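For the record, the sequence lines run as chains A and B. Residue numbering for the first sequence follows the working numbering, beginning at 3 and increasing consecutively. Residue numbering for the second sequence follows the working numbering, beginning at 3 and increasing consecutively. Positions of the beta carbon are idealized from the N, C-alpha and C atoms, including for glycine. These numbers were taken from a predicted model, which means no experiment stands behind them. These notes concern the structure reproduced below.
There are 2 protein chains.
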Amino acid sequence: MDGWDKPGHDETENGVAKVQGMTPDQISALDAQDPLRAKRAEFHIPEGLIYLDGNSLGPLPKAVPQRVCHAIEDEWGRRLIRGWNEAGWIDLPRKVGDKIARLIGAAPGTVIAADSTSINLLKALSAALELRRERKIILSDAKNFPTDLYVAQGLVRGLARGHELKLVEASEIHDALDERVAVLMLTEADYRTGQLYDMRALTARAHKMGALAIWDLCHSAGAFPVDVTGAGADFAVGCGYKYLNGGPGAPAFIYVAPQHASAVSPFLAGWMGHEAPFDFDPFYRPGPGIDRMLVGTPAVLSLSALDAALDVFADVDMRLVREKSIALGDLFIAEVEHQYAGADLKLASPRDGAKRGSQVSFHCAHGYEAMQALIAAGVIGDFRAPDIMRFGFTPLTLSYREVADAASILVRVLSEGEWKKPQYAVRAKVT
Amino acid sequence: MDGWDKPGHDETENGVAKVQGMTPDQISALDAQDPLRAKRAEFHIPEGLIYLDGNSLGPLPKAVPQRVCHAIEDEWGRRLIRGWNEAGWIDLPRKVGDKIARLIGAAPGTVIAADSTSINLLKALSAALELRRERKIILSDAKNFPTDLYVAQGLVRGLARGHELKLVEASEIHDALDERVAVLMLTEADYRTGQLYDMRALTARAHKMGALAIWDLCHSAGAFPVDVTGAGADFAVGCGYKYLNGGPGAPAFIYVAPQHASAVSPFLAGWMGHEAPFDFDPFYRPGPGIDRMLVGTPAVLSLSALDAALDVFADVDMRLVREKSIALGDLFIAEVEHQYAGADLKLASPRDGAKRGSQVSFHCAHGYEAMQALIAAGVIGDFRAPDIMRFGFTPLTLSYREVADAASILVRVLSEGEWKKPQYAVRAKVT
Chain A
3 MDGWDKPGHD
13 ETENGVAKVQ
23 GMTPDQISAL
33 DAQDPLRAKR
43 AEFHIPEGLI
53 YLDGNSLGPL
63 PKAVPQRVCH
73 AIEDEWGRRL
83 IRGWNEAGWI
93 DLPRKVGDKI
103 ARLIGAAPGT
113 VIAADSTSIN
123 LLKALSAALE
133 LRRERKIILS
143 DAKNFPTDLY
153 VAQGLVRGLA
163 RGHELKLVEA
173 SEIHDALDER
183 VAVLMLTEAD
193 YRTGQLYDMR
203 ALTARAHKMG
213 ALAIWDLCHS
223 AGAFPVDVTG
233 AGADFAVGCG
243 YKYLNGGPGA
253 PAFIYVAPQH
263 ASAVSPFLAG
273 WMGHEAPFDF
283 DPFYRPGPGI
293 DRMLVGTPAV
303 LSLSALDAAL
313 DVFADVDMRL
323 VREKSIALGD
333 LFIAEVEHQY
343 AGADLKLASP
353 RDGAKRGSQV
363 SFHCAHGYEA
373 MQALIAAGVI
383 GDFRAPDIMR
393 FGFTPLTLSY
403 REVADAASIL
413 VRVLSEGEWK
423 KPQYAVRAKV
433 T
Chain B
3 MDGWDKPGHD
13 ETENGVAKVQ
23 GMTPDQISAL
33 DAQDPLRAKR
43 AEFHIPEGLI
53 YLDGNSLGPL
63 PKAVPQRVCH
73 AIEDEWGRRL
83 IRGWNEAGWI
93 DLPRKVGDKI
103 ARLIGAAPGT
113 VIAADSTSIN
123 LLKALSAALE
133 LRRERKIILS
143 DAKNFPTDLY
153 VAQGLVRGLA
163 RGHELKLVEA
173 SEIHDALDER
183 VAVLMLTEAD
193 YRTGQLYDMR
203 ALTARAHKMG
213 ALAIWDLCHS
223 AGAFPVDVTG
233 AGADFAVGCG
243 YKYLNGGPGA
253 PAFIYVAPQH
263 ASAVSPFLAG
273 WMGHEAPFDF
283 DPFYRPGPGI
293 DRMLVGTPAV
303 LSLSALDAAL
313 DVFADVDMRL
323 VREKSIALGD
333 LFIAEVEHQY
343 AGADLKLASP
353 RDGAKRGSQV
363 SFHCAHGYEA
373 MQALIAAGVI
383 GDFRAPDIMR
393 FGFTPLTLSY
403 REVADAASIL
413 VRVLSEGEWK
423 KPQYAVRAKV
433 T
């Protein structure tokens, strides 16, 4: 694992990196030495495409179609209602949760897969406020992913008990964490820039102030090693369709720290969270531990897809994923900056890979158009308003060669004004 | 459509039906004349099985495997993130909602498919309480499906503003509907007995008292004609996996009456309900009408299955479904009662088909064991605590012959004491 950890950076006198390009031979050597290179064969990757959007929707693991087909034709079609017992549908939220637990440093039995990230965040937030009844402030980052903020705004409005969602800049979070804060709610990796929060330090600070900490791991789980236990996180949520490759709209997950799991009585109470769902008791009695975070009937087909997708990680050392992720991001930055000096492109992500999630973003005033042109040229990233061109790096599927090529194509699209063609200005529903 | 609407009932002097069996020829004639008989070919129905549990999990429509396979391999696998626009994923909740709207008498654009029934009920209940801020009572049936009661209990506890879930017997609902009630929350067809509430009359009564009405249509949608518009329902919810055949844990639906849709600001607020999700606005602005009832990212694979499943209904006249449903239920009751006089089996459903959903239930003290023995004998119904043997009739897939045979097999299991074998006493996780 050498040769790529400093890919062409030389410090200049004023501390700004002066980047150098890599030779094709150097890049080939990186791919030849890549300990994760065999994983790509476990995915369907369309030919002729460089996919740098696995942080928005992970590619299709080859095990998924067969598994879902089996769930439909054998489990549902042939077993019908008996599938709940015979095919283990009833246990899927816990089974899938345990596979995710391993990736986020959670103990078995502390995570379930169900519902959406937004719904799970509402469960976590309402539980946290219940545990800190005397406090009224939910503290978050003004640039947090919008749905996180909307969930908190909806809850504050619904509770109508004088709670407040306090939004500050990332740099102000530490100082804003005072003894009036009930819960700190942050996304570990910023969805626009990839900037990482220090989960351990901020959770410790929250606890010192008597607050609880909820972490959104949408851009963390499956992207790099996460340690909710070591960080002391109280709650965590995340989605199944980004780095976990569970498919569009895959079920999300929720982690509840063991000391809280049986101490909260969920606001979102449903029959699957009851102590004995098939007693048909008219009165809610929360199930043991994490079980009570279940609400309605599990989405078996989607959970089956996610379950199969997670098996890709069974033999993966997440430290290797992190090493390659940083190397891919460093390479992309270096190649873009080496080849392109235009003032219209400015790095939005931390240059230091250790402070970055598994993505690299650039500010670009015509980023929407440039991204459409880039997609037409075979490189898929995405655009995030107002001006972010975002590129995700999924170490299980990407080669160094692809990342270097993507950089060259991006440079060409910008240099040659390809993005100015009128068709690239047409706005799509989903950007 | 004659010959089956009075299947073997003769009134005796005291008004109790004296039942007569039908001859095989009479039953064959019913099947030959059945205008829905061709629909069965659109489903995978395992051979050698009589499936009377489509009210718990509908059978697999043949269109589903191919559609889900396409969603996985082409839309996700090949198009990747572009599927949101190119494959129309972003519009699926509304598209599927419109197909369900037609089945429940709702206008296009008033229903979305998303989340679970429990989550949708929480949306409806919280919105209804917002519209009736000055009132504190949620009125429901003590025998309502438990998850409905749990959702209300969770909300009452979470709001902590002195709300009360008032539970009464079905016969007391009308009188309990007074001017203190904020919202009446009922399931149209009782999950145990199939007893139907008069949605129109009770909604009118609720409105007269200034209350709102939420109807759970889990056992109605796809089972018989529903008219939420004509009944004046304020909100309705229901699941996708029973009579709609969307598969295990299929997405549920929510209907909001047009006059309320833009008047409520959802408690459960998420990015897909925002006016402009891809503006990434930090402040929630609810989308137009029913759109604001969306929360998180739609479960595309599950929605695709449900979307394909609903096409089965495209050419179906729901009045014919209702006629056949009543006839199948009447036939089952008549055949069971004609052949079996044991005191251990007692009809739990209304004898009058017009007052019954698409199911027939019997009280039976050893119902759990008897149902296990019946399933082993090739007839699948289900058991609902404490003593209900439940049989669902799905007119699109069942023949009169099957229903008559199921009655005979049930009688044999009971008469011969088959159910006393020890293996049938072993409790399963899901009953």
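Taking each of L204/B, L62/B, F364/B, Y193/B in turn and checking the Cα distance to A43/B, the smallest one comes out for L62/B. DSSP places M274/B within a helical segment (H, G or I) once states are collapsed to three. For F280/A, the nearest beta carbon of chain B is closer than 8 Å to its own beta carbon. Residues E44, F45, H46 of the same chain have their beta carbon placed closer than 7 Å to that of K64/A, with the five preceding and five following residues left out of the count. Counting every other CB atom within 10 Å of its CB across the protein chains shown gives G232/A a total below 16, marking it as exposed.
For D55/A, the residues of chain B that pass the 8 Å Cβ criterion are L82, I83, in the order they occur in the chain. Taking CB atoms only, S120/B has a neighbour in chain A less than 8 Å away. Counting C-beta atoms within 10 angstroms of its own C-beta, V362/A has 16 or more neighbours from the protein chains shown and is therefore classed as buried.
Put simply, the CB of L214/A is far from chain B, with every gap to its CB atoms at 8 Å or more. Inclusion of G85/B and P250/A in the CB contact set at 8 Å is warranted, their separation being smaller than that value.
Closer than 8 Å at the C-beta level to chain A, one finds these residues of the stretch 294-319 of chain B: V297, G298, T299, P300, A301, V302, L303, S304, L305, A307. Not a single CB atom of chain A sits nearer than 8 Å to the CB of R358/B. As for any beta strand (DSSP E) of minimum length 3 sitting wholly inside the stretch 254-333 of chain B, the runs are 255-258, ordered along the chain. In the displayed model, G240/B falls within a strand according to three-state DSSP. Between the alpha carbons of D309/B and G248/B lies a gap of roughly 8 Å. Not a single C-beta of chain A is nearer than 8 Å to the C-beta of R39/B. DSSP, read as helix, strand or coil, puts S410/A in helix.
Neighbours of Q155/A in chain B, taken as residues whose beta carbon is under 8 Å from its own, are A271, F285, Y286 in chain order. Using a Cβ-Cβ cut-off of 8 Å, P268/B counts as an interface residue toward chain A, since at least one Cβ of chain A sits closer than that to its own.
A Cβ-Cβ contact shorter than 8 Å links A108/A with V230/A. Contact note: A430/B reaches chain A through N87, using a C-beta cutoff of 7 Å and chain order.
Around the beta carbon of F226/B, 16 or more other beta carbons sit within 10 angstroms, so the residue counts as buried. Note: I382/A is bridge-paired with Y53/A in the DSSP secondary-structure output.
Contact check for I114/B against M295/B passes: the beta carbons are separated by less than 8 Å. Chain-ordered, the chain B residues with CB closer than 7 Å to the CB of Y152/A read A271, G272, W273, H276, Y286. Using a Cβ-Cβ cut-off of 9 Å, I52/B is close to nothing in chain A; its nearest Cβ partner there is about 11 Å away. In this chain, the beta strand (DSSP E) harbouring L214/B covers 214-218. Taken in chain order, the complete beta strand (DSSP E) segments of 3 or more residues contained in the stretch 91-139 of chain B are 113-115.
Closest in C-alpha terms to R414/B, from the list G331/B, A184/B, Q341/B, L214/B, comes Q341/B.
Interface residue (Cβ-Cβ distance to chain A less than 8 Å): A387/B is classified as such.
In this structure S118/A touches G298/B by the C-beta definition: roughly 3 Å separates them, less than 8 Å. When only Cα atoms are considered, P95/B and L105/B end up about 16 Å apart. Taking each of D384/B, A427/B, V405/B, R392/B in turn and checking the Cα distance to T433/B, the smallest one comes out for D384/B. As DSSP reads the structure, S142/A sits in a beta bridge with L169/A, M187/A. For H176/B, there is no enclosing beta strand (DSSP E); the residue is part of the alpha helix (DSSP H) that begins and ends at 175-178. For S128/A, at least one C-beta of chain B is nearer than 8 Å to its own C-beta.
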